[in-house]
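**Q** According to the UniProt record's numbering, numbering within the sequence shown proceeds without interruption in unit steps and concludes at 278. Glycine included, every Cβ here is placed at the ideal spot set by N, Cα and C.
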Amino acid sequence: MAALQERIGIIAGAGQFPELVADGARKDGYTVVMCGFVGHTDPAIESKADIFEMLHLGALSKLIQFFKKNGVTRVCFAGAINKPKALDVRPDLRAAKLLFKIRSKGDDVLLRAVLDELEVDGLQIVQAAELVPDLRGPAGLLTKKKLTDKLRETLAYGIPIGEQIGRMDIGQCIVVRENMVVAVECLEGTDATLKRGADLGGKGCVAIKLFKPDQDERIDLPALGLNTIKNLVDGEYSCLVYYANKTLFFDREEALALANEHNIAIIGVDEEFKASLS
């Protein structure tokens, strides 16, 4: 429980996560100070905040000033930023200097650079998932479909490749079929990757969505939910695996029911599971 009138800053992107984090923060007794971004954040999220401001993506100085003037010392990131739209960002002077300093424009490098800038100004970055711990996807086989030897072989092939793609800061998701990579997530995001993977690989593909090995857990956790499962159904996938406890799983009960209805295996991968594939 937060101390009386303690404030938490939320940097809100798209999707339902910012709303759930705000609800969790209020339940814990925090005053919610939230910032959203034009073209990315649903304006309706303002109703979940005690103090709210909408900024343009790239207004780094205004973002920091907003939290500091409202007495915030702890900030969390919640929700996705549309990556193609993010390429059109018009940075302020501070953001432009930051972009000039870093060599890579990959997700992890950019987010860590922004995180460092916030910390330079005395803002502590905390995990948004700590405010909604039930959203973390558990370990193990969550659906009724049994793991066949063929599926285990596919996972033994695909998981290390997915980890390497993540280590290179390319994306969080790959699609494989019969020991062949058919799609890799880039700017388009997971949903579009799943659709492309199904178009290329056909029925029976396996989706592997992993936490990047060098990723900071305070920012940009992998996420899946009901819409993810609907895409698996549409693409006639056989399986989805994710990193247990390092992935946000929204609408889990409804999503797993749909996966069971269509005989899709959903697996939360941990070190023990990976070792069992050897």
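In three-state terms, what does DSSP make of residue 148?
**A** Looking at residue 148 - three-state DSSP - the assignment turns out to be coil, as it is neither helix nor strand.
**Q** Can you tell me whether DSSP reads residue 31 as helix, strand or coil?
**A** Residue 31: strand per DSSP, three-state reduction.
**Q** Taking the alpha helix (DSSP H) that residue 100 falls in, what are its first and last residues?
**A** Its alpha helix (DSSP H) spans residues 93 to 101.
**Q** By Cβ distance below 6 angstroms, which residues in the same chain neighbour residue 168 in space, the five residues on each side in sequence not counted?
**A** None.
**Q** So what does DSSP say about residue 170, is it helix, strand or coil?
**A** Note: residue 170 maps to coil in three-state DSSP.
**Q** Between 126, 174 and 156, which lies nearest to residue 216 when the distance is taken from Cα to Cα?
**A** It is 126 whose Cα lies nearest to the Cα of residue 216.
**Q** Would you identify the three-state DSSP class for residue 232, choosing helix, strand or coil?
**A** Residue state, collapsed to three classes: helix.
**Q** Just verifying my parser: in three-state terms, what is the DSSP assignment at residue 242?
**A** Residue 242: strand per DSSP, three-state reduction.
**Q** Measuring alpha carbon to alpha carbon, tell me which of 56, 249 and 26 ends up nearest residue 228.
**A** Nearest of 56, 249 and 26 to residue 228, Cα basis: 249.
**Q** I want to see whether chain C comes within less than 9 angstroms of residue 54, judged by CB atoms only; does it?
**A** The question asks about chain C, but that chain is absent: this structure has only one protein chain.
**Q** Between the C-alpha atoms of residue 86 and residue 94, what's the straight-line distance to the nearest angstrom?
**A** The pLDDT assigned to residue 86 is 49, lower than 50, so where the model puts this residue is not dependable; a value taken from the coordinates is nonetheless given after this. Residue 86 and residue 94: Cα-Cα distance of roughly 17 angstroms.
**Q** Which residues in the same chain as residue 59 place their Cβ atom closer than 6 angstroms to its Cβ, once the five residues preceding and following it in sequence are excluded?
**A** Taken in chain order, the residues that qualify are 92.
**Q** I need the boundaries of the beta strand (DSSP E) containing residue 268, first residue and last residue.
**A** 265 to 269 is the extent of the beta strand (DSSP E) around residue 268.
**Q** Quick check on this structure: which residue in 76, 118, 140 and 158 has the alpha carbon closest to the alpha carbon of residue 130?
**A** Nearest C-alpha to residue 130: 76.
**Q** List the DSSP bridge partners of residue 176.
**A** DSSP output for residue 176 lists 181 and 206 as bridge partner(s).
**Q** Leaving out five residues on either side along the sequence, give the residues of the same chain with a beta carbon under 6 angstroms from the beta carbon of residue 285.
**A** Since the first residue of the chain shown is 1 and the last is 278, residue 285 is not available in this structure.
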